[in-house]
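In full-length UniProt numbering, the protein residues as written are 1 to 708.
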């Protein structure tokens with residue numbers, strides 16, 4: 001669905017002309033006139049709507065993409081993670097844009113030729129063609145919309161809405177189908193195709209049957225029934241629902257939570273309940289259609305800021321507060337900023353920390369949609385807030401769903417107790433819609449308990465770590481083979497650009513023939529020339545599954561010609577060869593971007609100390625990485641040597657220290673020496689403006705020397 005329409009920011013006078021604009025400092029308005037945003041009297045400056053709402057019009061907000069950003073992490077002096085994000089708009093290569101527009105032109109031309117032939121045949125044989133709209137009646141479909149559906153979508157609809165006959169786990173059984181003669185419908189045939197599933201939102205692998213969880217879910221169904229057949233405010237609330245609400249509220253760090261039976265309805269029914277005419281919703285331009293529907297249904301003014309841009313948000317906030325409501329120039333009753341934690345169409349993580357800082361400065365409410373990020377991001381699965389280092393009290397309303405990471409259905413809203421109690425009474429998703437099925441509520445509760453470790457095991461934490469490894473490994477492999485990959489590291493959604501509409505069915509069908517199930521996306525879900533394939537990773541995937549999938553994708557990409565960034569190198573799946581008998585290196589996460597070093601073959605990482613020196617000598621370990629493009633991260637529990645050598649096959653060593661003793665920029669061949677060998681620590685090498693920055697861990701300092 002298209003993003004919100006942009007609206008005029010300037011107010012108009014009674015005569016239809018814009019009144020003279022008065023230059024006002026919005027910051028002074030926010031701090032000196034708290035009534036401007038209708039905040040409670042208990043709210044202090046700089047707090048984004050803290051405090052209980054004193055009346056119905058006062059409360060806070062929240063949000064489930066399409067552009068590329070740069071996401072990196074660093075370690076500050078206290079060891080806390082900070083997210084530094086620089087948004088870059090994804091630009092379409094001119095050759096891809098040219099061929100895409102040409103492809104659409106050919107499709108439209110042949111479509112109109114077919115329409116002309118069909119019209120002539122209908123004149124000759126009218127009984128063989130269905131009657132159109134009666135005279136005097138408007139057509140049910142817009143002309144171009146119907147044309148696009150008939151001549152484009154119908155011809156490739158076998159690539160969409162594929163039915164399956166199994167649980168959406170790591171592997172699925174895709175039911176075979178065939179088209180009708182006019183391509184208008186599909187019918188199921190005999191047989192299934194068992195394929196590796198890279199298309200389902202099953203981030204933590206809970207979609208597959210767990211015997212321990214199954215017994216408790218079955219017990220809940222036998223106790224409370226398959227469905228409640230009633231709303232939450234009538235007979236649809238059971239002990240299972242109360243348990244789930246307490247569990248999710250404690251998990252995300254809020255006072256209370258409200259569970260709603262449908263994820264889409266959570267956004268579309270909550271937003272109209274917390275804001276109305278006289279209010280202002282400022283929405284990210286790539287927000288999900290459920291947010292768009294909810295914002296439009298609220299009757300509030302809607303403005304859109306540039307994707308993930310805190311600067312664009314601040315500009316709109318300043319203008320909106322200065323100008324007030326259109327025509328009357330009265331202050332807004334409240335301002336709500338709505339963002340998503342993870343944009344599922346782009347695989348990008350929200351630039352949340354700067355956005356929250358801007359909202360606190362102007363005292364706007366923050367509404368975060370964690371449909372795709374809850375359970376999938378953060379060390380403990382607590383979503384984008386944990387990933388970006390934002391405290392739960394800095395976000396007023398947190399929304400999420402149980403469909404992506406928890407293997408269930410429905411959604412939730414978490415916030416202050418007063419807000420949640422108000423929503424129970426006025427939100428249509430609570431007062432009118434059927435409540436969440438008891439069995440599904442129990443499944444979500446058990447998944448949450450496993451993630452939090454309340455079941456006494458580390459299964460939940462292992463799933464989160466496995467998902468992160470799988471996502472980063474798969475992203476690295478796609479970039480390595482030359483595909484145009486969108487999104488950020490750690491994102492379980494990995495989009496790859498196709499551009500040309502003819503490549504949508506080609507890629508999907510070729511993958512399915514090779515037992516790989518993928519999701520392809522095109523217009524109108526994406527811009528016209530930004531068609532893509534969207535890979536969804538899961539903790540249920542094994543390393544062998546993903547390596548096999550990368551080989552299939554590489555083969556199909558060659559055939560479909562979507563390796564827009566191919567450098568001419570052999571397309572080899574990235575591999576790490578590590579001697580596990582040594583105590584030095586515990587784990588290697590990610591790989592190295594060799595392009596910044598000007599060499600193509602490989603990178604050797606070796607240690608020296610009590611063992612013999614050298615890359616191949618007995619007693620030493622080394623890692624060889626076939627030139628990949630991403631981050632190298634090393635973690636160790638013990639480091640007995642005095643130095644760690646990073647050696648490129650060729651090139652001169654260059655070392656230029658940054659002002660900070662813990663951050664160095666270097667290119668070429670270099671040696672990193674630790675002043676004090678640590679017993680435990682981490683250092684990260686990450687790209688920064690075409691160079692690399694080294695961050696030492698646990699207070700360790702590193703220096704660079706020339707390596708002969």
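Idealized CB from N, CA, C, for every residue including glycine.
Predicted model only: the values in this text are computed from it and were never measured.
Look at residue 484 here: in three-state DSSP terms it is coil, with no helix or strand label. The beta-carbon distance between residue 499 and residue 530, rounded to whole angstroms, is 7 angstroms. This is short enough to meet the 8 angstroms contact definition. In the DSSP annotation of this structure, the continuous segment of the alpha helix (DSSP H) that includes residue 267 starts and ends at 263 to 274.
In the DSSP secondary-structure assignment, residue 415 is bridged to 256. Leaving aside the five residues that flank residue 230 on each side, the residues in its chain whose CB is nearer than 6 angstroms to its CB run, in chain order, 236. Contact annotation: residue 563 and residue 557 have beta-carbon atoms nearer than 7 angstroms.
DSSP places residue 498 in the uninterrupted beta strand (DSSP E) bounded by 493 to 499.
Cβ atoms of residue 216 and residue 442 come within 8 angstroms of each other, at about 6 angstroms. Residue 266 and residue 243 have their C-alpha atoms some 19 angstroms from each other.
Pairwise C-beta distances place the stretch 465 to 479 out of contact with the stretch 239 to 256, as fewer than three of them are shorter than 8 angstroms. In terms of Cβ geometry, residue 178 and residue 194 do not form a close pair [threshold 7 angstroms]. Contact between the stretch 425 to 433 and the stretch 360 to 376 is absent: fewer than 3 CB-CB pairs across the two stretches fall below 8 angstroms. Between residue 537 and residue 492, the gap from beta carbon to beta carbon is short of 7 angstroms. Taking every protein chain shown into account, the CB of residue 453 has fewer than 16 other CB atoms within 10 angstroms, so this residue is exposed. Counting along the chain, residue 293 sits inside the alpha helix (DSSP H) bounded by residues 289 to 298. In this structure, the straight-line span from the alpha carbon of residue 398 to that of residue 304 is close to 20 angstroms.
Around the beta carbon of residue 145, fewer than 16 other beta carbons lie within 10 angstroms, which makes this residue exposed. Using a Cβ distance threshold of 7 angstroms, residue 298 and residue 326 do not count as a contacting pair. If you keep only unbroken beta strand (DSSP E) runs of at least 3 residues inside the stretch 396 to 470, you get 397 to 401, 411 to 415. Here residue 355 is buried. Its C-beta has 16 or more other C-beta atoms within 10 Å. Two segments are said to touch when three or more pairs of C-beta atoms, one from each, lie closer than 8 angstroms; by this definition the stretch 349 to 363 does not touch the stretch 288 to 296. Nearest to residue 201 by alpha-carbon distance, out of 329, 167, 118, is 167.
Across the set 367, 382, 318, the C-alpha of 382 shows the shortest separation from the C-alpha of residue 450. Secondary structure note for residue 103: it is in no beta strand (DSSP E), and the uninterrupted alpha helix (DSSP H) holding it is 94 to 124.
Residue 161 and residue 150 have their C-alpha atoms some 17 angstroms from each other.
For residue 504, the three-state secondary structure derived from DSSP is helix.
The secondary-structure analysis by DSSP pairs residue 187 across a beta bridge with 178. Using a 10 angstroms sphere on the CB of residue 106, the tally of other CB atoms stays under 16, which defines it as exposed. Counting every other CB atom within 10 Å of its CB across the protein chains shown gives residue 496 a total of 16 or more, marking it as buried. Residue 348 and residue 488 do touch by the CB rule: their CB atoms are close to 6 angstroms apart, below 8 angstroms.
Put simply, the backbone Cα of residue 122 is about 10 angstroms away from that of residue 115. Relative to the Cα of residue 424, the nearest Cα in the group 128, 233, 335, 111 belongs to 233. Under the three-state reduction of DSSP, residue 391 is assigned to coil, being neither helix nor strand. Here residue 530 carries a coil assignment [DSSP, helix/strand/coil].
Each residue's CA atom was taken as its position, placing residue 415 and residue 112 some 54 angstroms apart. Residue 223 sits in a helix when the DSSP states are folded into three classes.
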